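S.K.: Below is a structure I'd like to ask you about.
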Amino acid sequence: MKNTWIQYGYSFPLGNFEGFTVKEPFIDVVLSHNGRYFPQLSMIDSGAYIITMVSDDMRGIFGIDASACKKVNVGGIVGERVEGFLHNMTMSVDKFDESIKVPVVFVPGLKTNMLLGQIGFFEKFKIRFENSANSFYLSKV
Amino acid sequence: MKKGINFRKIITKIHANKWIALSPKKDKVVAYDAKLIDLTKKVGNRKVVYMKVPPMDTAFAF
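Chain order of the listed sequences is A and B.
Last residue of the first sequence: 165 in this note's numbering, with the numbers rising by one and none dropped.
Last residue of the second sequence: 63 in this note's numbering, with the numbers rising by one and none dropped.
Set out below in structure tokens:
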């Protein structure tokens, strides 16, 4: 799959922002740990500039105790800060056969389920956004 | 090309701030709940795709 670009279509937004149409790069991923699998739609988010973030609600699904995680501070653009829980997970991405190891931060109060960030995702996939063509593309690094 | 999803056709305001389970084709919401653990119990062994719907009246910069 190296050097092969896989094409995906943008999804249309959940909400509306002042009449503007916003396209969102969602892809199917399956996050897994110790034989537990959680299929979900995840947004590619270059703004999650450090690491992939997931809702802390999922930590219970995977049976991961907070004591088994490294504690890290997570902040948003308006300054709020919470303690997140860093843990290594396995992830498979739609249209790619090979699973990858990815560190994620479980974030209490995250408003969505999963944001694919720089560490673990952008460093393992090349990503091409073509908003005007209503498409984005992934290729393995 | 794998087509994107038109969320406007399948998600409404009642799903805001909740976890939803989508059908494999992602053309309908199979079940939803405020708590993920309760949603997984509702879903049981059915094949679904999960997501959490953010508030719809707010512009987010994730």
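Glycine residues also receive a C-beta, built at the ideal position from the N, C-alpha and C atoms.
Predicted, not measured: the structure shown is a model, and the values here were computed from it.
#1: Residue 65 (chain A) lies in the alpha helix (DSSP H); which residues open and close that run?
#2: Check the C-beta distance from residue 77 (chain A) over to residue 98 (chain A) and give it rounded, since I have them as a contact under 8 Å.
#3: Counting along the chain, where does the beta strand (DSSP E) carrying residue 149 (chain A) start and finish?
#4: Using the Cα positions of residue 134 (chain A) and residue 84 (chain A), report the straight-line distance between them to the nearest angstrom.
#5: Could you give the residue range of the alpha helix (DSSP H) that holds residue 118 (chain A)?
#6: Could you tell me the alpha carbon to alpha carbon distance between residue 8 (chain B) and residue 15 (chain B), rounded to whole angstroms?
#7: Would you mind giving the Cβ-Cβ distance between residue 56 (chain A) and residue 136 (chain A), rounded to the nearest angstrom? I have them listed as a contact below 8 Å.
#8: Starting from residue 138 (chain A), follow the beta strand (DSSP E) in both directions and report where the run begins and ends.
#9: May I have the straight-line CA-CA distance separating residue 92 (chain A) from residue 111 (chain A), to the nearest angstrom?
#10: Name the chain A residues that come within less than 7 Å of residue 50 (chain B), Cβ to Cβ?
#11: Output the distance between the C-alpha atoms of residue 36 (chain A) and residue 130 (chain A), rounded to the nearest integer angstrom.
#12: Give, in chain order, every residue of the stretch 66 to 93 of chain A whose Cβ lies closer than 9 Å to some Cβ of chain B.
#13: Name the two residues that bound the continuous beta strand (DSSP E) containing residue 87 (chain A).
#14: With a CB to CB cut of under 6 Å and the five nearest residues on each side skipped, what residues in its chain are close to residue 50 (chain A)?
#15: Report the option in A:47, A:63, A:26 whose CA atom is closest to the CA atom of residue 116 (chain A).
#16: Say whether chain B places a C-beta atom closer than 9 Å to the C-beta of residue 35 (chain A).
#17: Which first and last residues belong to the beta strand (DSSP E) in which residue 28 (chain B) is found?
#18: Tell me which residues of the stretch 134 to 160 of chain A have at least one Cβ-Cβ distance to chain B shorter than 7 Å, keeping chain order.
M.R.: Looking at the atomic coordinates:
#1: Looking at the DSSP string, residue 65 (chain A) is not in any alpha helix (DSSP H); the run it does join, the beta strand (DSSP E), is 60 to 68.
#2: Between the beta-carbon of residue 77 (chain A) and that of residue 98 (chain A) there is about 7 Å, and that keeps the pair under the 8 Å contact cut.
#3: Counting along the chain, the beta strand (DSSP E) containing residue 149 (chain A) begins and ends at 149 to 154.
#4: Distance between residue 134 (chain A) and residue 84 (chain A), taken at the CA atoms: about 15 Å.
#5: Careful: residue 118 (chain A) lies outside any alpha helix (DSSP H) and carries neither H nor E.
#6: Those two C-alpha atoms are separated by around 13 Å.
#7: With 8 Å as the limit, residue 56 (chain A) and residue 136 (chain A) do not qualify as a contact, their Cβ atoms being about 19 Å apart.
#8: For residue 138 (chain A), the enclosing beta strand (DSSP E) covers residues 138 to 140.
#9: Using only the alpha carbons, I get a separation of about 8 Å.
#10: Taking the beta carbon of residue 50 (chain B) as reference, the chain A residues within 7 Å of it are 52, 63, 64, 65, listed in sequence order.
#11: Taking C-alpha positions only, residue 36 (chain A) is separated from residue 130 (chain A) by approximately 26 Å.
#12: Residues 66, 67, 69, 71, 72, 77, 79, 81, 82, 84, 85.
#13: Where residue 87 (chain A) is concerned, there is no enclosing beta strand (DSSP E), given that its DSSP letter is neither H nor E.
#14: Cβ within range, chain order: 35, 65, 67.
#15: Among A:47, A:63, A:26, the Cα nearest to that of residue 116 (chain A) is on A:63.
#16: Yes, residue 35 (chain A) lies at the interface with chain B (some Cβ there is under 9 Å from its Cβ).
#17: Here residue 28 (chain B) belongs to no beta strand (DSSP E), and DSSP marks it neither H nor E.
#18: Answer in chain order: 135, 136, 137, 139, 159.
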